[in-house]
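Q: Okay, so the sequence shown: first residue is 3 according to our numbering, each after it adds one.
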Amino acid sequence: MATTVDNSFAQFLTNTVRLDPERTKIAKSSMKWLIEEIIKFPADGKFPTLHPDVYIEYGSFSRKTKTRPLDDVDLMIILHAQGATYNEYSNPTIVFNAANATHFSNLYFDSDNSINSIKVINKFKDYLAGIPQYRKADIKRNQEAVTLELQSYEWVFDIVPCFITNPEPDGRTYYLIPDGKGNWKKTDPRIDKNRVVSINAKHSISILDIIRSIKYWNVRPTMPTMKSYMLENMTLNYYEAATTTTNYIDLELRDLFLYIANNIHSPINDPKKIQGDLNTLSWDERVKIHNRATVDRNKAIEARTFEQNGQTKEAITKWREIFGSEFPDHNA
Numbered sequence: 003m004a005t006t007v008d009n010s011f012a013q014f015l016t017n018t019v020r021l022d023p024e025r026t027k028i029a030k031s032s033m034k035w036l037i038e039e040i041i042k043f044p045a046d047g048k049f050p051t052l053h054p055d056v057y058i059e060y061g062s063f064s065r066k067t068k069t070r071p072l073d074d075v076d077l078m079i080i081l082h083a084q085g086a087t088y089n090e091y092s093n094p095t096i097v098f099n100a101a102n103a104t105h106f107s108n109l110y111f112d113s114d115n116s117i118n119s120i121k122v123i124n125k126f127k128d129y130l131a132g133i134p135q136y137r138k139a140d141i142k143r144n145q146e147a148v149t150l151e152l153q154s155y156e157w158v159f160d161i162v163p164c165f166i167t168n169p170e171p172d173g174r175t176y177y178l179i180p181d182g183k184g185n186w187k188k189t190d191p192r193i194d195k196n197r198v199v200s201i202n203a204k205h206s207i208s209i210l211d212i213i214r215s216i217k218y219w220n221v222r223p224t225m226p227t228m229k230s231y232m233l234e235n236m237t238l239n240y241y242e243a244a245t246t247t248t249n250y251i252d253l254e255l256r257d258l259f260l261y262i263a264n265n266i267h268s269p270i271n272d273p274k275k276i277q278g279d280l281n282t283l284s285w286d287e288r289v290k291i292h293n294r295a296t297v298d299r300n301k302a303i304e305a306r307t308f309e310q311n312g313q314t315k316e317a318i319t320k321w322r323e324i325f326g327s328e329f330p331d332h333n334a
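1) Alpha carbon to alpha carbon, how far is S62 from K68?
2) In or out: I266 buried (at least 16 other Cβ within 10 Å) or exposed?
3) From the DSSP output, which residues share a beta bridge with D194?
4) Mark Y88 as exposed unless 16 or more other C-beta atoms lie within 10 angstroms of its C-beta, in which case mark it buried.
5) Would you call the region 190-199 and the region 256-271 touching, i.e. three or more CB-CB distances under 8 Å?
6) Would you check if the region 48-55 and the region 73-86 touch, i.e. whether three or more CB-CB distances between them fall below 8 Å?
7) What does a CB cutoff of less than 6 Å around F329 pick up in its chain, not counting 5 residues either side in sequence?
8) For H53, report the span of its beta strand (DSSP E) as first-last.
9) Identify every residue that forms a DSSP beta bridge with K138.
10) Work out the CA separation of T175 and W285 for me, nearest whole Å.
11) Does the Cβ of N168 have 16 or more other Cβ atoms within 10 Å, making it buried, or fewer, making it exposed?
12) At the level of alpha carbons, what is the spacing between S113 and E151?
13) Report the rounded CA-to-CA distance for E304 versus T296, giving the unit in angstroms.
14) Check whether the Cβ atoms of I120 and Q153 sit closer than 7 Å, and answer yes or no.
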């Protein structure tokens, strides 16, 4: 029963925001099963050889920052380069020269011996169609992944073929993934995941729950929607710099709204130092987000004042104005 603001947030997080633990467990199990099926792909000389590491998880499901519904699970399948080399012509364009790796010969561009990432994705699509419980596999619209639907689950798998590099002069290794145009680009989901773990461990309150809550707020039809990855990093930037936090999510969200309002016009740099500024919003979108964050910051202040005056129902009503009707009502 929602008799306090804390109770309301506890119910809201459990019933509306966080992923259902049982579905999460099943999703993890189904991902492991899918990986085993990919490992069984025939060694017929037409499908690329898998790297010994086989896969790496990425995305918000992997980082535990995803909100309901559980609609996709992201997976990178690592291919063995077999002596292929890459050249970085521009950011983000990378070309894979595979002249010495003949098992990629059916995946070359028509004009040279470099690996065409779109052909690699299409090869994945063809072979995924042969696994049990297959329903449908499509190339994502951005041509960077294959989206696989299985018969038993409500989520899809976004499967991205990739290579892992040898250490570069700075000692870093990268994952090379399709760029949507046939070539490749760098990424490194390890940095994103480690950053979330590190910042969450720094504070007594769950930063994961704060990220999930602010993502839920972000997709409400009250303002333009920010890209989830950008908002997640904006939130992490705030808590990376924070030296102290409270143990109350309502107070944390109150202050986070102010941070968003004050920083939505600023660059939000990719922590991997690969993508540059993540903030691609238009001026008009930034103004509308600033205004909404300011309005909701003021409502959060009002809610706190109501609560301090013993007006719990009025406090909860203010939070329902911020998060909508899915936020538990007083005594509901």
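Don't be surprised by glycine CBs; every beta carbon is placed ideally from N, CA and C.
A: Taking the geometry as given:
1) Taking the sequence shown and counting its residues from 1, the one referred to as residue 62 is at position 60. Taking the sequence shown and counting its residues from 1, the one referred to as residue 68 is at position 66. Looking at the two C-alpha atoms, the distance is approximately 5 Å.
2) Position 264 of the sequence shown, counting from 1, holds the residue named residue 266. Classification of I266: buried, given that the 10 Å Cβ count is 16 or more.
3) Locating residue 194 in the sequence shown gives position 192, counting from the first residue. According to DSSP, which records beta bridges pairwise, D194 is partnered with nothing at all.
4) The count along the sequence shown starts at 1 and reaches residue 88 at position 86. By the neighbour-count rule (16 or more Cβ atoms within 10 Å), Y88 is buried.
5) no
6) yes
7) One-based indexing of the sequence shown puts residue 329 at position 327. Closer than 6 Å at the Cβ level, and outside the excluded window around F329, lie F14, W321 and R322.
8) Your numbering for residue 53 matches position 51 in the sequence shown. H53 -> beta strand (DSSP E) spans L52 to E59.
9) Translated into the one-based positions of the sequence shown, residue 138 becomes position 136. In DSSP, K138 forms a bridge with E151.
10) Reading the sequence shown from its first residue, position 283 is the one you call residue 285. Reading the sequence shown from its first residue, position 173 is the one you call residue 175. So the alpha carbons of these two residues sit roughly 36 Å apart.
11) On the sequence shown, residue 168 is found 166 positions in, with the first residue counted as 1. With fewer than 16 other Cβ atoms within 10 Å, it is exposed.
12) If you number the sequence shown from 1, residue 113 lands on position 111. If you number the sequence shown from 1, residue 151 lands on position 149. If you take the alpha carbons of S113 and E151, they lie about 34 Å apart.
13) Along the sequence shown, one-based indexing puts residue 304 at 302. Along the sequence shown, one-based indexing puts residue 296 at 294. Near 13 Å, if we compare the C-alpha coordinates of T296 and E304.
14) Looking up residue 120 in the sequence shown gives position 118. Looking up residue 153 in the sequence shown gives position 151. No; because the gap between Cβ atoms is not below 7 Å, this pair is not in contact.
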